[in-house]
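Position one of the sequence shown corresponds to residue 504 (our numbering), numbered consecutively onward.
By construction, the Cβ of each residue, glycine as well, lies at the ideal position given by its N, Cα and C atoms.
Remember, it's a predicted structure, so these values are computed and weren't measured experimentally.
Notes for the one structure printed next.
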Amino acid sequence: MAETYLGENIKKLGFGLMRLPMKDGEVDIEQVKRMVDTFMSKGFTYFDTAYVYIGGKSEVALGEAVVKRYPRDSFVCASKLPLWDSVDKAKMEEILQESLDRASLDYYDFYLLHGLNKDSAQRAEELGAWAFVQEKKAQGKVKHIGFSFHDTPEVLDDILTRHPEAEFVQLQINYADWDSENVQSRACYEVARKHNKPVVIMEPVKGGSLATMTPEVQELFKSANPAMSVPSWAVRFAASLDGLVTVLSGMSTEEQLNDNVSYMENFQPLNDEERKVIDRAVEILKNIPTIPCTGCKYCVDGCPQKINIPGIFSTMNHFSMYNNRAGANGSYQRVTRDGGKASDCIQCGQCEAHCPQHIQIIETLKKAAETLEA
Ligand code: SF4
Ligand code: SF4
Numbered sequence: 504m505a506e507t508y509l510g511e512n513i514k515k516l517g518f519g520l521m522r523l524p525m526k527d528g529e530v531d532i533e534q535v536k537r538m539v540d541t542f543m544s545k546g547f548t549y550f551d552t553a554y555v556y557i558g559g560k561s562e563v564a565l566g567e568a569v570v571k572r573y574p575r576d577s578f579v580c581a582s583k584l585p586l587w588d589s590v591d592k593a594k595m596e597e598i599l600q601e602s603l604d605r606a607s608l609d610y611y612d613f614y615l616l617h618g619l620n621k622d623s624a625q626r627a628e629e630l631g632a633w634a635f636v637q638e639k640k641a642q643g644k645v646k647h648i649g650f651s652f653h654d655t656p657e658v659l660d661d662i663l664t665r666h667p668e669a670e671f672v673q674l675q676i677n678y679a680d681w682d683s684e685n686v687q688s689r690a691c692y693e694v695a696r697k698h699n700k701p702v703v704i705m706e707p708v709k710g711g712s713l714a715t716m717t718p719e720v721q722e723l724f725k726s727a728n729p730a731m732s733v734p735s736w737a738v739r740f741a742a743s744l745d746g747l748v749t750v751l752s753g754m755s756t757e758e759q760l761n762d763n764v765s766y767m768e769n770f771q772p773l774n775d776e777e778r779k780v781i782d783r784a785v786e787i788l789k790n791i792p793t794i795p796c797t798g799c800k801y802c803v804d805g806c807p808q809k810i811n812i813p814g815i816f817s818t819m820n821h822f823s824m825y826n827n828r829a830g831a832n833g834s835y836q837r838v839t840r841d842g843g844k845a846s847d848c849i850q851c852g853q854c855e856a857h858c859p860q861h862i863q864i865i866e867t868l869k870k871a872a873e874t875l876e877a
């Protein structure tokens, strides 16, 4: 008989509570309750929140929509401990207790150090965060401990080698980043598997980007299976991996939820033909022309308008590849918050002389202004 692992009996769709539907600045709790009811009625049980999600309102929503309405043994839930600079040992205690109180819980089934990378992993060491979560596990305030992760496979390997007490790891995995240089989904997944850690997958739809896609990719998916939505390919790709606790989807609408549960209720892993369709989609993505900016920032220092040129180019590239208008708008706001917009360029030419990629920055910024400020 195959060995059982943590999460084996959990269905492979988890409800991410970070992008809940909002109404007048508050979580639309009645809508969330309806979504939770549909989700639970189909046999799904995993809810994922964090101390910081929606300024704490996500944990409150977990309490209102799930904990107060369902028997405690009918669901499992996860929350996460932030490792901000201001957090010390006493503060960790306060944060966990607040996370429990907000959701009206006595314990979390899964508790994660939130968003470890090289720096925050070091901070976790200094704070004694690993000893803290183990102590809370011994006290029964949390059942299983792990961490969510955003860095290279080498850093992941280092953390898992130092901390065999981690029972699971939460990783960004999606088909577009499976072999990408920055996220390295495949390599991180393989490190987790090498250490025999079950994986919770986050961002299988790449923050919504794999739900939009260019018309060519949409057509590819539709012709392969007209009944399946574009985002379903991304969620099913992730859920087809071995050794998962679950695949999180941050659901914001009943429509998204209904779509997700429709194909995940009786989930079948992708077959060979479907994998070839995904491979073809990745090929199409790779061949979409993008601005060859490497993000070196040599152009930025002398810009009199303080334009975040690589940030704007990255936003343009993402939009060209995924056709995600909402994502591009949010990203453009972020990259222009502390400096000029693309349209603020006064064409002084100072940046172009410094670009090792010989990008026609002025012309490209004009196109960016047309696209992103429309
Ligand atoms: S040409 Fe535009 S982007 Fe380049 S340095 Fe001058 S103002 Fe900045
Ligand atoms: S110098 Fe060129 S490659 Fe480097 S960040 Fe600026 S635009 Fe991108």
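Proximity test, residue i beta-carbon vs ligand 1 heavy atom, cut-off 7 Å
i	result
Gly842	no
Leu868	yes
Pro807	yes
Ile791	no
Gln850	yes
Ile598	no
Ile810	yes
Host alpha helix (DSSP H) of residue i (start-end)
i	result
Asp551	Not the alpha helix (DSSP H): Asp551 falls in the beta strand (DSSP E), residues 549-551.
Val569	Per DSSP, Val569 belongs to no alpha helix (DSSP H) and is neither H nor E.
Tyr835	828-839
Val590	Per DSSP, Val590 belongs to no alpha helix (DSSP H) and is neither H nor E.
Arg739	733-742
Leu868	864-875
Start and end residues, beta strand (DSSP E) containing residue i
i	result
Thr749	747-753
Ser582	579-584
Rounded Cβ spacing between residue i and residue j (contact assumed at less than 8 Å)
i	j	result
Gly842	Asn811	5 Å
Leu751	Met705	5 Å
Ala568	Val539	5 Å
Thr541	Asn769	In fact, because the Cβ distance is near 15 Å, the residues do not count as touching under 8 Å.
Ser743	Pro707	11 Å between Cβ atoms; not a contact.
Gln673	Phe650	7 Å
His617	Ala553	6 Å
Thr793	Ser823	6 Å
Val878	Gly753	A query on residue 878 cannot be resolved here, the shown segment of the chain reaching from 504 to 877 and no further.
Lys644	Leu603	7 Å
Val780	Leu723	6 Å
Asn677	Lys709	5 Å
Met521	Ser561	6 Å
His653	Gln675	7 Å
Gln687	Pro656	6 Å
Cys806	Gln853	7 Å
**Item:** Those residues, in chain order, that have a beta-carbon closer than 7 Å to some heavy atom of ligand 2
**Value:** Sorted by position in the chain, Cys796, Thr797, Gly798, Cys799, Lys800, Tyr801, Cys802, Val803, Ile812, Pro813, Phe816, Cys854, His857, Cys858, Pro859, Gln860, Ile862, Ile864 make up the residues whose C-beta lies under 7 Å from a heavy atom of ligand 2.
**Message:** For a minimum of 4 consecutive residues, which ranges assigned as the alpha helix (DSSP H) are wholly contained in the segment 757-814?
**Reply:** Those alpha helix (DSSP H) runs which fall completely within the segment 757-814 and span 4+ residues are 757-767, 775-790.
**Prompt:** Which full runs of the alpha helix (DSSP H) of 4+ residues lie inside the segment 610-652, going along the chain?
**Reply:** Here the runs fully enclosed are 621-630, 632-641.
**Message:** I'd like the ranges of any alpha helix (DSSP H) spanning at least 4 consecutive residues and lying wholly in the segment 647-729.
**Reply:** Within the segment 647-729, the complete alpha helix (DSSP H) runs of at least 4 residues are 656-665, 688-697, 718-727.
**Request:** Please specify which runs of the alpha helix (DSSP H), each continuous and at least 4 residues long, are wholly inside the segment 513-554, giving them in chain order.
**Result:** Given a length threshold of 4 residues, each whole run of the alpha helix (DSSP H) inside the segment 513-554 is given here in chain order: 532-544.
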